[in-house]
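K.L.:
Mind looking over this structure? Questions follow.
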Amino acid sequence: MSNQWIAFIASAAFVIWYLSYQAGRLDRLHHRIEVTELALLAQLVRRGGIVAELAAVPGIDPALSVLWGQAAHDVLALRDLSAPHRTQLENELTNTLAMTLDEPEEVNEIRGIQYASSLLDELIQVSDRVRLSQQFHTDAVRDCLEIREQFLVRFFRLAGRAKAPRPLDLDVQVPPSLSN
Amino acid sequence: MRIGIVCPYSWDIPGGVSAHVADLAETLIRMGHFVGVLAPAEFDELLPAYVVSTGKPRAVKYNGSVARLSFGPIAARKVSKWIEEGEFDVLHVHEPLAPSLSVLACWAAKGPIVATWHSSMDKSRMMLTLSKLAQTAMEKISARIAVSEAARTTLIKHVGGDAVVIPNGVDIASFSSAKPMFGWPGENQSIVFLGRGDEPRKGLAVLVAAYPEIRRRHPKVRMLIAGPGKPEDTLKSLSREDRESVTVLGMVAAQDKASVLASGTVYVAPNTGGESFGIVLLEAMASGTPVVASDLEAFQRVLNDGKGGITFENENSDDLAQVVSDLLANPTRCAELSAQGKLRAAEFDWAVVAKRIVDVYESIRVQGVKVEPDLTGQMIGRLGRGRISPEARIEP
C-alpha cells in the first residue's frame, strides 16, 4: 500500500517537474525570439533608412530617387515585424536595389557623388546584418516550434497565450555589383 | 557596445581558444568597444585589465587532451556576479559545450548571447555532453559562430541549426615584424615545433620519428621545440647525437611566439587530429616561415589546398621526412612558400575578422536590452517576472 503511494507521488512529482522544465524551456525560447525579432526589425528599419537617405542625396537622378524613396518609405511605414505585407515589401525593396544597381559602371558613377559612396558601404553592411539577423531569428523560431508541437506541451497549453512564432522569408541579397 | 566574453580554458597557458579571446578582446577595444573577459586564471597580478579571473583552473581530461577548466559552485557564483555587474549588450561565450565557464554563463544569463564553436568533436562525445542541462544552455544562444567548416559540420550534425563561419584571426603585424631568436636559424637550417610536447594529438612523436632520416640527409639541421609540457619521453628514442641537436625551450610567452616561429627554416605541424582550424599555421605563415603540416582537412583549408604550405600524409613519419628533406634542399621553393604564406595569412587579419564578429553582435542586439542575470530557474521564479520593457521597443 505505502509502496504504491510512494510510486504514485514520485511519478506525479516527476510529471510536474517535467512540465515545469518544458515550460521553462518555452519561456527561454520565447524570450530569445522576442530579442532576435527586435534585432531583426532594427536592422530592417536601418536598411530602409539608408535607402531613403540615398534617395535624398543631391545629385542622384530623379528617377532613381523616386524608385528608392518609394520602396524605402513603404517599408518604413510598417509598424512591426509581423506586419501583413512585411515580407513582400522588404523583398520589393531588395528587388528595386538589385534592378537599379546592376551595372558596375553606374555604381561607380553613383559612388562618385558626395555622400552616396559611404551610404552604399553602409547598405552593404546592413544587408549583411539583416541576413544574419534573419538566420538567427529563424533558428530561434525552429527551436521553439519543435517544443510547441509536443503532445504534452499542447495538452497542458504550456505556451499560454503566446502566439506561435513564424519565420520570415526575406530575400536580402546585396546587389552583386556592390559586393566586390 | 559593451561586450562580455567568456573563455572556458585557462588564461595562464596560451592555447588556441584563450589566445583567440585575447586577440578578439584587444581588437574590439581598439575599435572603441568596452570589453570584459571572464576566464579561469591562477595568477591574478599578470592579467590584463579587462580580464576577471574565476580562480585557479583544474586540470581535467577533455576532448582528447588535458584541459584546464573552471567549474563548481564557487565558479558559478563568480559568473553570476560578473554578468550582473557587467551590464553587457552582448554576451559572447566560447566553446559552449566545454564543461566550464561558458556553459555556466549560458545558465546564468539571458538576453543577446553569441557562441563560438572552435573544435570538432566526434559523435559519442557530443552526445555525452548534450545532456538536458547543456541543452537548456544551448537554447539561450541566439547566434552561433563556427571558426571552421569542420566545426560547423559537427554543430549541424549533432546539435541542429546552423552557424555562421567566421575564421580565426591572426595579428598579422606582430608576426610579420618578428625577428628570429639570436643565432637561429643561423647558417644551418632548422625545424620548429610549437605545441604541447606531451600531448599525443599534437603529434610530436611523428616528427621525432622522422627526425633521424631528415638528419641523415641534412646533417647540420637543428630542431627547436617550444610549448608547455615535457617532451623528454618522446625524445628518448633519438640517438645521442640527434638529441644534442634538439633545443627544448619549454613554455614561451605569447609575445615570444612570433620570434620562435621566425627562427625556423621550416615550421612543422604534425598534429594527428582533433584540430578544426590551426591558427599556429597562419601565425607561422604570417612570420614568413614555410609550413609543412599533416593533411588534416582543417589544415588543408588553411593552407589553401597546397598554395600556402605543404602537407604530408597524417601520422606517416617517412612521408614527413621526405617532404621536409626535399624542402630544405630547395631554397627557391622555401622563398616561394614564404611569400604565398604571407599573402594567405593576410586574409585572416584580426581587423578583418573582428568586423565580421561585430556584424553578428549587431544582428542580435537591441537598443536598451542588456544581458541580465537569469535566476528564474523553474516555475516559481518565473511568476511575475517582466518581459522586455516597452521602452526597449524600437518605433519605426
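These protein sequence lines map, in sequence, to chains A and B. The first sequence begins at 1 in our numbering and counts up by one. The second sequence begins at 1 in our numbering and counts up by one. Don't be surprised by glycine CBs; every beta carbon is placed ideally from N, CA and C. Computed from a predicted structure; not experimentally measured.
1) Can you tell me which of the three DSSP states D295 (chain B) falls into?
2) Please state whether the Cβ-Cβ distance between D12 (chain B) and A41 (chain B) is less than 8 Å.
3) Decide if the region 219–228 of chain B is in contact with the region 240–257 of chain B; the criterion is three or more beta carbon pairs, one per stretch, under 8 Å apart.
4) Relative to the C-alpha of R222 (chain B), which residue among B:Y267, B:T54, B:E313 is closest?
5) Does the ligand ATP have even one heavy atom less than 7 Å from the beta-carbon of T272 (chain B)?
6) Classify Q134 (chain A) as buried or exposed, calling it buried when 16 or more other Cβ atoms lie within 10 Å of its own Cβ.
7) Using CA coordinates, which residue listed in B:D233, B:A284, B:G273 is at the minimum distance from D256 (chain B)?
8) If you follow the beta strand (DSSP E) that M223 (chain B) is in, where does it begin and where does it stop?
9) CA-CA distance, P112 (chain B) and Q88 (chain A)?
10) Of all Cβ atoms in chain B, is any one closer than 8 Å to the Cβ of R25 (chain A)?
11) Buried or exposed, going by whether 16 or more other CB atoms sit within 10 Å of the CB of S399 (chain B)?
12) Taking the straight line between their C-alpha atoms, what separation do you get for G48 (chain A) and R144 (chain B)?
13) Against chain B, with Cβ distances strictly below 8 Å, would T87 (chain A) count as a contact?
14) Taking a contact to mean a Cβ-Cβ separation below 8 Å, would you say I172 (chain B) touches A345 (chain B) in this structure?
15) Got a sec: which bits of the region 343–368 of chain B sit with their beta carbon under 8 Å from any beta carbon on chain A, in order along the chain?
16) So, is the C-beta of L132 (chain A) closer than 8 Å to a C-beta in chain B?
17) State the DSSP-derived secondary structure class of R68 (chain B), mapped to helix, strand or coil.
18) For N330 (chain B), count neighbouring Cβ atoms within 10 angstroms of its own Cβ and tell me buried if that reaches 16, exposed if not.
19) Whole angstroms are fine: how far does the CA of Y361 (chain B) sit from the CA of V90 (chain B)?
20) Let's see if you can read the secondary structure: which residues bound the beta strand (DSSP E) around A269 (chain B)?
21) How should K230 (chain B) be labelled, buried or exposed, when 16 other C-beta atoms within 10 angstroms of its C-beta is the threshold for buried?
22) Report all residues from its chain with a CB closer than 7 Å to the CB of R32 (chain A); omit the five preceding and five following residues, and keep chain order.
23) Quick one: using the 10 Å Cβ neighbour count with 16 as the cut-off for buried, is F182 (chain B) buried or exposed?
P.N.:
Taking the structure as given:
1) Taken through DSSP and simplified to helix, strand or coil, D295 (chain B) comes out as coil.
2) A contact, by the Cβ cut-off of 8 Å.
3) Touching, per the Cβ criterion.
4) Here the closest residue by C-alpha is B:Y267.
5) As for the ligand ATP, it is missing from this structure, which has no ligand bound.
6) With 16 or more other Cβ atoms inside 10 Å of its own Cβ, Q134 (chain A) counts as buried.
7) Considering only alpha carbons, the answer is B:A284.
8) Start and end: 222–226.
9) Taking the straight line from one Cα to the other gives about 28 Å.
10) Interface residue, yes.
11) Because chain B spans 1 through 396 in this model, residue 399 (chain B) falls outside it and cannot be assessed.
12) Approximately 26 Å, taken between the alpha carbons.
13) Interface residue (Cβ-Cβ distance to chain B less than 8 Å): T87 (chain A) is not classified as such.
14) Yes.
15) Within the region 343–368 of chain B, the residues whose Cβ lies closer than 8 Å to any Cβ of chain A are, in chain order, D359, V360, E362, S363, I364, R365, V366, Q367.
16) Yes, because at least one Cβ of chain B sits closer than 8 Å to the Cβ of L132 (chain A).
17) Residue state, collapsed to three classes: strand.
18) A residue is called buried once 16 or more other Cβ atoms fall within 10 Å of its Cβ, and N330 (chain B), having fewer, is exposed.
19) Between V90 (chain B) and Y361 (chain B), the alpha-carbon positions lie close to 7 Å from each other.
20) Membership of A269 (chain B) in the beta strand (DSSP E) is indicated by the continuous run 266–269.
21) When all chains shown are included, K230 (chain B) counts as exposed.
22) So the qualifying residues of the chain are A140.
23) Flag for F182 (chain B) reads exposed.
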